[in-house]
Every structure is written in structure tokens, then in C-alpha cells.
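Chemist: FYI, the numbering for the sequence shown is 41 to 124, going by the numbering used here.
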Amino acid sequence: WSSDPKTERMRYIASNLFRRVEQGEIDVTTSDAVIAEVAFVLTAKSHYHLAVDEAAERMATVLQLQGVRLSNKRIVLQALDLWM
């Protein structure tokens, strides 16, 4: 991880956002297109280079939070399971 102040600030904001979603304070909405882009970035060799299993597990963990709104959540979670 980078220790760049801008990166640290973004990490703090994202962590706080997901903490609030997890605690039921707020809801967030996403789309299939965003999920596909996240999958690409997490597994791309030029980005995070995660194994498919690890990327899918991390994404499923976030998507399963009650406050995450996604119109096809069940289908996307099934697709992530198949992708693994």
C-alpha cells in the first residue's frame, strides 16, 4: 500500500463509508457495470492483480452487506460464485 497522503485519505473515506453501511447507518447503490469494472481492476495485472477467487470473495462480502443496493444482487452474487 502507498503511504501517499491522498491515498491514505481515500482509504479512510472508503473505510468509513463501508463501516457506516455495515452498521446500517446508510445505504449505497451500485450497478452491474460498476461491479464488472471493480472485478476488472481487482484482477488486472496492471492494477491489484488479485486471484479471481480472492476478488470474488471480497466483492461478495461487500455486496452482501444489507445496506448495499443493487437491482440484480442475487444474480450478481451467483455470477461471482460461478466466476470463482
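Cβ atoms here follow ideal geometry from the backbone N, Cα and C, with glycine treated the same way.
Cα-Cα, which of T47, R114, N56 is closest to D67?
Modeler: When each option's Cα is compared against that of D67, the closest is N56.
Chemist: Ignore the nearest five residues each way along the sequence and tell me which others in D1's own chain have a CB closer than 7 Å to its CB.
Modeler: The structure shown does not extend to residue 1, since the chain is modelled only from 41 through 124, so no value can be given for it.
Chemist: Spatial neighbours of V81 within its chain, please: CB distance less than 6 Å, with the 5 preceding and 5 following residues excluded, ordered by chain position.
Modeler: Once the five neighbours on either side are set aside, the close Cβ partners of V81 are H87.
Chemist: Any idea which residues DSSP pairs V68 with across the strands?
Modeler: V108, per the DSSP bridge assignment.
Chemist: Look at the alpha carbon of T70 and the alpha carbon of G64, and state the distance between them as a whole number of angstroms.
Modeler: Whole-angstrom Cα-Cα distance: 16 Å.
Chemist: Quick check on L30: does DSSP put it in helix, strand or coil?
Modeler: Here the chain comprises residues numbered 41 to 124, so residue 30 is not present and cannot be evaluated.
Chemist: Are the beta-carbon atoms of E62 and L105 separated by less than 7 Å?
Modeler: The answer is yes: Cβ separation under 7 Å.
Chemist: Restricting to Cα atoms, I'd like to know which of A76, R59, R60 is closest to W123.
Modeler: Per the Cα distances, A76.
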